[in-house]
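Numbering (this note's numbering), first residue to last: 103 to 180.
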């Protein structure tokens, strides 16, 4: 049985992420955020800077990239 004790009850679908990102997360098996993701995604998606510290492997880079990809999808270059 997989250890999911590091996950929160916050789902990625609770954030204003573009459908392509939510589909990719679901396809990869990601439904719930880790603590660092749940706390940093709302701030990053609002366009604010984030400084956070968490154990290696908790999804910091994923949260960072989700916010960037979401911005690129919602603000395409002409």
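Glycine included, C-beta positions come from ideal geometry on N, C-alpha and C.
Judged by beta-carbon spacing, residue 156 lies beyond the 8 angstroms limit of residue 170, meaning their Cβ atoms are not closer than that value. Around the beta carbon of residue 161, 16 or more other beta carbons lie within 10 angstroms, which makes this residue buried.
Residue 112 and residue 134 have their alpha carbons spaced roughly 6 angstroms apart. Contact check for residue 140 and residue 110: beta-carbon distance about 5 angstroms, within the 8 angstroms limit, so the pair qualifies. Around the beta carbon of residue 107, fewer than 16 other beta carbons sit within 10 angstroms, so the residue counts as exposed.
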